[in-house]
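**Student:** In the UniProt record's numbering, the protein residues as written are 1 to 382.
1) State the Cα-Cα distance for the pair residue 301 and residue 291, rounded to the nearest angstrom.
2) Of all the alpha helix (DSSP H) runs that stay within the bounds of the region 225-283, which reach a length of 4 or more residues?
3) Identify, in the order they occur along the chain, each residue of the same chain with its Cβ nearer than 7 Å to the Cβ of residue 156, setting aside the five sequence neighbours on each side.
4) Hey, how far is the Cα of residue 96 from the Cα of residue 350?
5) Do residue 182 and residue 143 count as a contact pair if the criterion is CB distance below 9 Å?
6) Between the C-alpha atoms of residue 346 and residue 263, what's the straight-line distance to the nearest angstrom?
7) Quick check on the DSSP output: the beta strand (DSSP E) that includes residue 214 runs from which residue to which?
8) Short of 7 Å in beta carbon distance, which residues of its chain neighbour residue 332, apart from the five on each side in sequence? Order them along the chain.
9) Quick one: grab the DSSP three-state call for residue 43.
10) Between which residues of its own chain and residue 180 is the CB-CB distance below 8 Å, once the five residues before and five after are set aside?
11) When you compare the CB positions of residue 129 and residue 221, do they come within less than 9 Å of one another, or not?
12) Which same chain residues end up closer than 7 Å to residue 315 when comparing Cβ atoms and leaving out the 5 residues on each side of it in sequence?
13) Cutting at 8 Å between CB atoms, please list the residues of its own chain near residue 165, excluding the five before and the five after it.
14) Would you mind stating whether residue 121 and residue 178 have Cβ atoms separated by less than 9 Å?
15) Using CA coordinates, which residue listed in 98, 162 and 141 is at the minimum distance from residue 212?
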């Protein structure tokens, strides 16, 4: 018996409904499986870092708002902290200073009328050591400094400094007086800074335990002989010291005593001293008297003789007592033939000293005077 059209129509509706329900169930099942898989993958990936094409950027250290003080950094410890590896391994502090030696660069000139070369040289110190204070003194400011710092304790020094008529003698004495009082780094205005102070020394020397009093460099690296135990000479166009260095005090006392003695021998006041009265500038106020004074001061401190045998031929910074002696390449690469086994040149000296002409002329006059004296003595003996 055939079903009526009405019944067939109802059956087709039922089939359609069933198909729709089955389709919905299948779709829901697929969606649920996909969701579970995503959930499973998420749980499995927990604690894992998803690979990324981007590299983590190094953390920039905070910029100090007080460039003349040691920057303190306090960072929270966390698993995500990134350790920044510095370019060099011997950076002592955030400011690049040497423990005990203030972050100051001292320079001086007759006045502020500097040429472009001099300004570029001065800028080299500021660019290489941006956290350092720069102290520049004209002749008038230098005299005020000496009077202010020493008039109460050493009026003899003040009187001598103000009376000296020869500029190079005052200039030499000034650098020792400045660093004895204030500490820091002295540099002539014809000395370019090639390497920042934060990389002058090996990493192990950037420690307050050494109690560094002075940093000096060899100008002439010459082995000693029995006739002259100290041939070597230290530079005084650049050196560093902490305030109150006993070795600088010894050098100053030696110079002051020597200049008063020269005036007395020639029966003049200190204001009457001329270049013809002194043997050589380097031996009276310059690097030679500085070298001898430091050696004698160290000998007294250490209870043993300090001479060329202690420092000649060094290849790296050498600690003697509380003084660091730099090899020839450090402060005087040109004079030492640009050695390749003593580290890099830290500064470059351009030899713009205007005092050498008059000093050389005075030396020639003394030489001729001595020759004439010897001739007269020979004629008198005949």
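A virtual CB, placed ideally from N, CA and C, is assigned to each residue, including glycine. Computed from a predicted structure; not experimentally measured.
**Tutor:** Let me spell this out:
1) Stepping through the chain shown from its first residue, residue 301 is reached at position 301. Stepping through the chain shown from its first residue, residue 291 is reached at position 291. The alpha-carbon separation between residue 301 and residue 291 amounts to approximately 15 Å.
2) Counting only runs of 4 or more, we get 246-265.
3) The residue given as residue 156 occupies position 156 in the chain shown. Around residue 156, the same chain offers 256 as residues with beta carbons nearer than 7 Å, after the five sequence neighbours per side are excluded.
4) Stepping through the chain shown from its first residue, residue 96 is reached at position 96. Stepping through the chain shown from its first residue, residue 350 is reached at position 350. Looking at the backbone, the Cα of residue 96 and that of residue 350 are separated by about 25 Å.
5) Here the question's residue 143 lines up with position 143 in the chain shown. Here the question's residue 182 lines up with position 182 in the chain shown. For residue 143 and residue 182, no; Cβs fall outside 9 Å.
6) Here residue 346 refers to the residue found at position 346 of the chain shown. Here residue 263 refers to the residue found at position 263 of the chain shown. Take the alpha-carbon of residue 346 and the one of residue 263: they are about 39 Å apart.
7) The residue given as residue 214 occupies position 214 in the chain shown. That run of the beta strand (DSSP E) goes 214-220.
8) Locating residue 332 in the chain shown gives position 332, counting from the first residue. Around residue 332: 217, 218, 219, 235 and 349.
9) For the purposes of this step, residue 43 is taken as the residue at position 43 of the chain shown. Reliability fails at residue 43, whose pLDDT of 38 lies under 50, so the model's placement of it is uncertain and no value is given.
10) As a first step, residue 180 is located in the chain shown; it is residue number 180 there, counting from the start. For residue 180, where only same-chain residues beyond five positions count, the Cβ hits under 8 Å are 241, 243, 244, 245, 248, 249 and 252.
11) Along the chain shown, read from residue 1 onward, the residue named residue 129 stands at position 129. Along the chain shown, read from residue 1 onward, the residue named residue 221 stands at position 221. If you check the CB distance, residue 129 and residue 221 do not come in under 9 Å.
12) On the chain shown, position 315 is the one that residue 315 refers to. Closer than 7 Å at Cβ, skipping near neighbours: 327, 341 and 342.
13) Locating residue 165 in the chain shown gives position 165, counting from the first residue. For residue 165, where only same-chain residues beyond five positions count, the Cβ hits under 8 Å are 271, 272, 273 and 274.
14) Against the chain shown, residue 121 aligns to sequence position 121. Against the chain shown, residue 178 aligns to sequence position 178. No, Cβ-Cβ distance for residue 121 and residue 178 is not below 9 Å.
15) Position 212 of the chain shown, counted from the start, is the residue given in the question as residue 212. Shortest Cα-Cα distance from residue 212 to any of 98, 162 and 141 involves 98.
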